[in-house]
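Novice:
Residue numbers (the working numbering): 2 to 293.
#1: Evaluate residue 23 with the Cβ neighbour count: other Cβ atoms within 10 Å of its Cβ, from every protein chain shown; 16 or more gives buried, anything less gives exposed.
#2: Measure the CB-CB distance between residue 34 and residue 63 and report whether it falls below 8 Å.
#3: How would you call residue 265, buried or exposed, if buried means at least 16 neighbouring beta carbons within 10 angstroms?
#4: Tell me residue 36's beta-bridge partners as DSSP assigns them.
#5: Exposed or buried, what is residue 134 when buried is set at 16 or more other beta-carbons lying within 10 Å of its beta-carbon?
#6: Where residue 73 and residue 267 are concerned, what is the direct C-alpha to C-alpha distance, given to the nearest angstrom?
#7: Applying the 10 Å Cβ sphere with the 16-neighbour rule, what's the burial state of residue 259?
#8: Looking only at its own chain, which residues have a Cβ that is under 8 Å from the Cβ of residue 241, when we skip the five neighbours before and after it?
#9: Could you tell me if residue 185 is buried or exposed, where buried requires 16 or more neighbouring beta carbons within 10 angstroms of its beta carbon?
#10: Between 201, 71, 191, 127, which lies nearest to residue 172 when the distance is taken from Cα to Cα?
#11: Where residue 125 and residue 75 are concerned, what is the direct C-alpha to C-alpha distance, given to the nearest angstrom?
#12: By Cβ distance below 7 Å, which residues in the same chain neighbour residue 119 in space, the five residues on each side in sequence not counted?
#13: At a cut-off of 7 Å, would you count residue 36 as near the ligand COA, judging by its Cβ distance to the nearest heavy atom?
#14: Just how far apart, CA to CA, sit residue 273 and residue 54?
#15: Could you check which residue in 261, 66, 144 has the C-alpha nearest to that of residue 160?
#16: Around the Cβ of residue 175, are there at least 16 other Cβ atoms within 10 angstroms (buried) or fewer (exposed)?
#17: So, with DSSP's three-state summary, where would you put residue 157?
Laid out in structure tokens, this is it:
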């Protein structure tokens, strides 16, 4: 894998896998729906993808997926769908979007009732779906499982769990909601978890001894994108030492130190300084104990 492309190549492969995997998920739960927001909004049934209608109608569903299983107030939905200000007939418009979504999500369901997926409540609307039906929730569950396996020293299994979590991503989450602040916050949180998943995956691969040359290339690409992210730098320095490139690891440390000083006005943290000291003292022998 080329040094310049590294991580980008594997990310692209995982994105392709995710797009294909969205269609395969309903086979596990053939009587239910799969909601996917880690990329363009998509809903699948056992028969295939569902048409979700125009942009504002899709925004209604995206806003409800910010808190599946919870009531979202009419005022919050209005802010999400009409950021520049609601129309005069906002209640009727919102009701129309919800009605059309209901017909797509449950074409054979009753017009009203507590057993509907999309319900009208006294204070707003509720999307009654289990967490396992939403790709963002499955992503977080797989991340937790991967971390547990990593802590237990079960590195091959940890790699599989973490790769499966990353393979759920198809693009930017909640794009349908634009600059709506709650969606931006949630998307930022999910993107941070995605970075942490990559870091945990590389940690597991280094501990397992799985193709360290490839890990170096991938880490170098992402570390260049996030020059002040110490965890990435730590992992890159370890990976370089694993393949006998200690001099490059030293240069990585100095690059991170300069970036931290210039952008944040701080010094490297304790773990990074400790690793740097071990490399200078030529004490790096075999695996460096990974951090969890």
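From the three backbone atoms N, C-alpha and C, an ideal C-beta is built for every residue, glycine too. Nothing here was measured: the structure is a model prediction, and the numbers come from that model.
Specialist: Per the coordinate set shown:
#1: Your numbering for residue 23 matches position 22 in the chain shown. Confidence is the limiting factor: at residue 23 the pLDDT is only 49, short of 50, which leaves the residue's position unreliable and the question unanswerable from this model.
#2: Within the chain shown, residue 34 is the residue found at index 33, counting from 1. Within the chain shown, residue 63 is the residue found at index 62, counting from 1. Contact: no.
#3: Translated into positions along the chain shown, residue 265 becomes position 264. The residue in question, residue 265, is exposed, as its Cβ has fewer than 16 Cβ neighbours within 10 Å.
#4: The residue you call residue 36 lines up with position 35 of the chain shown. Partner(s): 44, 135.
#5: Position 133 of the chain shown, counted from the first residue, corresponds to residue 134. Buried, because 16 or more other Cβ atoms sit within 10 Å of the Cβ of residue 134.
#6: By 1-based counting over the chain shown, the position of residue 73 is 72. By 1-based counting over the chain shown, the position of residue 267 is 266. Going by the C-alpha atoms only, they are around 41 Å apart.
#7: Looking up residue 259 in the chain shown gives position 258. So residue 259 counts as exposed.
#8: Translated into the one-based positions of the chain shown, residue 241 becomes position 240. Cβ within range, chain order: 217, 247, 249, 250, 253.
#9: Walking along the chain shown from the start, residue 185 turns up at place 184. Exposed.
#10: Taking the chain shown and counting its residues from 1, one reaches residue 172 at position 171. Selected option, being the one with the closest Cα: 191.
#11: Taking the first residue of the chain shown as position 1, residue 125 is located at position 124. Taking the first residue of the chain shown as position 1, residue 75 is located at position 74. Each residue's Cα considered, the two are about 5 Å apart.
#12: To locate residue 119, count along the chain shown from 1; it is residue 118. Counting only Cβ-Cβ distances below 7 Å, and skipping sequence neighbours, we find 99, 102, 103, 106, 126, 128.
#13: With respect to small molecules bound, the structure shown includes none, and the ligand COA cannot be examined in it.
#14: Counted from its first residue, the chain shown places residue 273 at position 272. Counted from its first residue, the chain shown places residue 54 at position 53. When rounded, the distance between both Cα atoms is 50 Å.
#15: Along the chain shown, one-based indexing puts residue 160 at 159. Nearest C-alpha to residue 160: 144.
#16: Against the chain shown, residue 175 aligns to sequence position 174. Buried is the call here.
#17: Along the chain shown, read from residue 1 onward, the residue named residue 157 stands at position 156. Helix, per DSSP.
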